[in-house]
Amino acid sequence: MMIASSSFKLVTSVAALLMAIVSITAGAALAKSMFSVLTPEDVTVLRLSVSAVILFFLLKAWRVRFNRYSLATVLAYGITVAGMNLFFYMSIKTVPVGVALAVELIGPLCVAAFYSKNRSDYLWVLLAATGIFMLLPKSEQVESLDVVGLFYALVAAFFWGAYIIMGKKAGKRFGSKTPSLGLVVASLVVMPVGDSDSLSQILDLNVFLLVVVIALLSSAIPLMLEMFALRNLPTHIYGVMASGEPVMGAIVSFLILGEQLSLLQCLGISAIVVASIGVVLSPFSSRKTVQIEL
C-alpha cells in the first residue's frame, strides 16, 4: 500500500508540473496575442496587477508584518519579478515564445554553474552559449530572429537568475506568501512604463476577461500546481521537467499563434535545454548548499 501510495503521488505530481508548464506557456502565448491591442509594457502592467490582487487575497498576504531588513528583501525580490516579466514580454513581441523561453533559461543555468564546484558545469554553459549563437540572426536566413528581441530575452534571463537568489532569501522570511508580496511590488515597479490611455482599455469586458485568464494561467494556477509538485518530486526531477518549458512553449505557441521555427532555431533551443538538464543532473555533492529551482 505504501509503494502504491508513493507511486500515485509521483504520477500526480508529474502531471501537476506538466499542467503548470502548459499553463505558463499558454499564458505567454495569449499575452502575445494581445500585442495587437496593447503594448508588451501595458500587458505586463495589467497581468502583474491582476495577478497581485488575486494572490494577495488568495494567500492572505495582508497578515505579513515587516521590519527594515525584510522590507528591503521583498522590494529587491519584487524588482526581479518585474524585470523578468517585463523584458520577457518585450522579447516575445518580436521573438517566438519557445525561443525566448530557451534564452531565459540561461539565467538559472548560470546561477547553478556559479554555485557549483563541478568544473564540468561550465561546459554546459558553453553549450548554452552555442545554442544562443544558433539563434542569432543570419543574413542568409529568411527566418532570422530580431536581435533586440533576443537581447530583451537575455535581460529577462539576468533577472530570472537574480530572482532565484532573491527569491530564496524572501522565501525564508515570508514562506508561501512570498509570491503575492513580490507581485505587489512588481506591479508597482512596472506601473510607470504603462500608457494610461492604453491601460484604460481594461474597462472593455473582453480585454478584462482575457487579462484575468492570462493572470490565472501565468501565476495563480501554475503556482498552486507547482507547490503540490514540489512537495512530492525530487528536486532533480523537477529541474529536468522545468527545463523542457521552452519545448512546450514552442508547441503551445505554434498551436495558439501559428509560430514556426527553423531547423537551426530548434537546434539552438535543444542545445540550451540539454545544457540546463545537464546542470540540474550534475552530482549534488559537488554543489554548495544553495539549491537552484528552475
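Each residue of the sequence shown is one higher than the last, beginning at 1 in our numbering.
The beta carbon of each residue, even a glycine, is placed where N, CA and C say it ideally should be.
Computed from a predicted structure; not experimentally measured.
Between the CA atoms of leucine 101 and glycine 244 - distance to the nearest angstrom: Each residue's alpha carbon lies about 10 Å from the other.
Between which residues of its own chain and leucine 264 is the CB-CB distance below 7 Å, once the five residues before and five after are set aside? Met134.
Chain-order list of residues whose beta-carbon lies under 6 Å from that of alanine 52 (same chain, five-residue window excluded): For alanine 52, the CB contacts under 6 Å within the same chain, skipping 5 residues up- and downstream, are Leu183, Val184, Ser187 in chain order.
CA-CA distance, leucine 59 and leucine 18? When the Cα atoms are used, leucine 59 and leucine 18 turn out to be separated by approximately 23 Å.
Does DSSP put serine 282 in a helix, in a strand, or in coil? It is coil, neither helix nor strand.
Note down, one range per segment and in chain order, each alpha helix (DSSP H) of at least 4 residues found wholly within the stretch 109-153. You should have 121-135.
Closer than 8 Å is the cut-off here; do at least three beta carbon pairs connect the stretch 58-76 with the stretch 239-258? With the cut-off at 8 Å, the stretch 58-76 and the stretch 239-258 do not touch.
What residues in its chain sit with their C-beta under 8 Å from that of lysine 9, if we drop five residues either side in the sequence? Counting only Cβ-Cβ distances below 8 Å, and skipping sequence neighbours, we find Asn232.
By DSSP, does valine 97 sit in helix, in strand, or in coil? Assigned with DSSP and collapsed to three states, valine 97 falls in helix.
Report the rounded CA-to-CA distance for isoleucine 202 versus valine 212, giving the unit in angstroms. Between isoleucine 202 and valine 212, the C-alpha separation is close to 10 Å.
For tryptophan 62 and threonine 25, what's the separation of their Cα atoms in angstroms? Across the structure, tryptophan 62 and threonine 25 are spaced so that their CA atoms are roughly 30 Å apart.
Nearest-angstrom beta carbon gap, leucine 48 and valine 190 [assumed within contact, 8 Å]: Right, the Cβ-Cβ distance comes to about 6 Å (below 8 Å), so this counts as a contact.
Spatial distance of serine 104 from valine 64 (CA atoms): Checking the displayed sequence, the identity of residue 104 turns out to be glutamate instead of serine. Spanning the two alpha carbons is a distance of roughly 31 Å.
To the nearest angstrom, report how far apart leucine 71 and glycine 161 are at their CA atoms. Going by the C-alpha atoms only, they are around 21 Å apart.
Following the continuous alpha helix (DSSP H) through glycine 381, name the residue where it begins and the one where it ends. Limits of the chain in this structure are 1 at one end and 294 at the other, which puts residue 381 out of reach.
Minimum C-alpha distance to methionine 166 - residue among Pro40, Val111, Gly258: Checking every option, the nearest Cα to that of methionine 166 belongs to Val111.
Can you list, in chain order, the residues of its chain whose CB lies under 8 Å from that of cysteine 266, leaving out five sequence neighbours each side? Cβ within range, chain order: Ala250.
Using the Cα positions of valine 207 and alanine 157, report the straight-line distance between them to the nearest angstrom. Straight-line Cα distance between these residues: approximately 29 Å.
Have a look at methionine 34 and leucine 154 and give me their C-alpha separation to the nearest angstrom. For methionine 34 and leucine 154, the distance between alpha carbons rounds to 23 Å.
Specify the secondary structure class of arginine 246 as computed by DSSP and reduced to three states. According to the sequence shown, residue 246 is proline rather than arginine. Reduced to three states, the DSSP call for proline 246 is helix.
Inter-residue spacing [alpha-carbon to alpha-carbon] between glutamine 141 and serine 270: Residue placement at glutamine 141 cannot be trusted, given a pLDDT of 46 that sits under 50; what the coordinates show is reported in the next sentence. Those two C-alpha atoms are separated by around 19 Å.
Under 8 Å between the Cβ atoms of proline 40 and methionine 90? Between proline 40 and methionine 90, the C-beta spacing is below 8 Å.
Grouping DSSP H, G and I as helix and E and B as strand, with all else coil, what is serine 196? Note: serine 196 maps to helix in three-state DSSP.
For threonine 125, collect the residues of the same chain with a Cβ closer than 6 Å to its Cβ; drop the 5 residues on either side in sequence, then sort them by chain order. Here the sequence assigns valine to residue 125, which means threonine is not the residue at that position. Ala113.
Straight-line gap, alanine 31 to leucine 261 (C-alpha atoms, nearest Å): Separation of alanine 31 and leucine 261 (C-alpha to C-alpha, rounded to the nearest whole angstrom) is 19 Å.
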